[in-house]
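**Q**
Residue numbers (the working numbering): 16 to 167.
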């Protein structure tokens with residue numbers, strides 16, 4: 016599996032409202048490179064999501080990632096509010112909407128899936144140029160222990 020060198024700023028902010036905004040972005044003008052040292056182009060997408068609490072992605076189960084993936088927000092080209100390869104910048108925002116007031120389960124307002132998310136699920140950034148596994152495909156899966164869905 017190939018990987019990407021990537022600088023990422025992930026901002027998770029709970030707001031004093033019935034939802035929580037999750038923002039995904041890079042720094043403006045960051046150098047985003049593939050494994051050959053070539054700048055990423057418009058074929059790449061940046062998805063923020065989770066695998067729920069029952070699936071742990073590893074290098075040995077990459078063939079199962081997409082089946083277990085729950086997309087929350089996505090940045091793709093072209094777009095000022097997505098992935099702009101001319102400026103090496105990506106950004107996407109989505110709101111974690113509780114199913115009922117005070118509920119810790121909810122959906123993303125990005126409308127990417129009908130998946131249900133739960134406060135505290137581990138967030139991942141999945142960067143790819145194709146989700147079809149092949150020798151020439153580039154994937155990166157990035158996370159951090161503090162990247163958790165906030166409590167709305």
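From the three backbone atoms N, C-alpha and C, an ideal C-beta is built for every residue, glycine too.
Please determine, among 129, 60, 137, the residue with the shortest C-alpha to C-alpha distance to residue 106.
**A** Taking the chain shown and counting its residues from 1, the one referred to as residue 106 is at position 91. Out of 129, 60, 137, 60 has the C-alpha closest to the C-alpha of residue 106.
**Q** Less than 6 Å between C-beta atoms, sequence neighbours within five positions excluded: which residues of the same chain meet that for residue 83?
**A** Position 68 of the chain shown, counted from the first residue, corresponds to residue 83. Contacts found: 66, 70.
**Q** Three-state secondary structure (DSSP) at residue 80?
**A** Working through the chain shown from its first residue, we reach residue 80 at position 65. Looking at residue 80 - three-state DSSP - the assignment turns out to be helix.
**Q** Mark residue 53 as exposed unless 16 or more other C-beta atoms lie within 10 angstroms of its C-beta, in which case mark it buried.
**A** Start at 1 with the first residue of the chain shown, and residue 53 comes out as number 38. Result: exposed.
**Q** For the beta strand (DSSP E) that contains residue 108, what are its first and last residues?
**A** Position 93 of the chain shown, counted from the start, is the residue given in the question as residue 108. Unbroken beta strand (DSSP E) run through residue 108: 104-113.
**Q** For residue 149, which residues of its own chain have a beta-carbon under 6 Å away from its beta-carbon, when the five flanking residues on both sides are left out?
**A** To locate residue 149, count along the chain shown from 1; it is residue 134. So the list is empty, once near-sequence residues are dropped.
**Q** Determine which residues share a DSSP beta bridge with residue 65 and list them.
**A** Here the question's residue 65 lines up with position 50 in the chain shown. Answer by DSSP bridge pairing, in chain order: 85.
**Q** Span of the beta strand (DSSP E) holding residue 141?
**A** Position 126 of the chain shown, counted from the first residue, corresponds to residue 141. Element bounds for residue 141: 139-143.
**Q** In the DSSP assignment, find the beta strand (DSSP E) that holds residue 122 and state where it starts and stops.
**A** Sequence index remark: in the chain shown, residue 122 carries index 107 (1-based). From DSSP, the beta strand (DSSP E) with residue 122 extends over 120-123.
**Q** Residue 133 by DSSP, collapsed to three states: which one?
**A** Within the chain shown, the letter at position 118 stands for residue 133. DSSP places residue 133 in strand when its eight states are reduced to three.
**Q** Please report how far the alpha carbon of residue 139 lies from the alpha carbon of residue 89, in whole angstroms.
**A** If you number the chain shown from 1, residue 139 lands on position 124. If you number the chain shown from 1, residue 89 lands on position 74. Taking the straight line joining both Cα atoms gives about 12 Å.
**Q** Which of the three DSSP states, helix, strand or coil, is assigned to residue 91?
**A** In the chain shown, counting from the first residue as 1, residue 91 sits at position 76. Strand.
**Q** I think residue 156 touches residue 93, with their Cβ atoms under 8 Å apart; what is that distance to the nearest whole Å?
**A** As a first step, residue 156 is located in the chain shown; it is residue number 141 there, counting from the start. As a first step, residue 93 is located in the chain shown; it is residue number 78 there, counting from the start. Contact doesn't hold; Cβ gap of about 24 Å is too wide.
**Q** Can you check which of these residues, 36, 55, 166, is closest to residue 104 by C-alpha distance?
**A** As a position in the chain shown, residue 104 is number 89, starting the count at 1. Residue 104 has its Cα closest to that of 55, out of 36, 55, 166.
**Q** Rounded to the nearest angstrom, what separates residue 108 and residue 164 at their Cα positions?
**A** The residue labelled residue 108 in the question sits at position 93 within the chain shown. The residue labelled residue 164 in the question sits at position 149 within the chain shown. Their backbone Cα atoms lie some 13 Å apart in a straight line.
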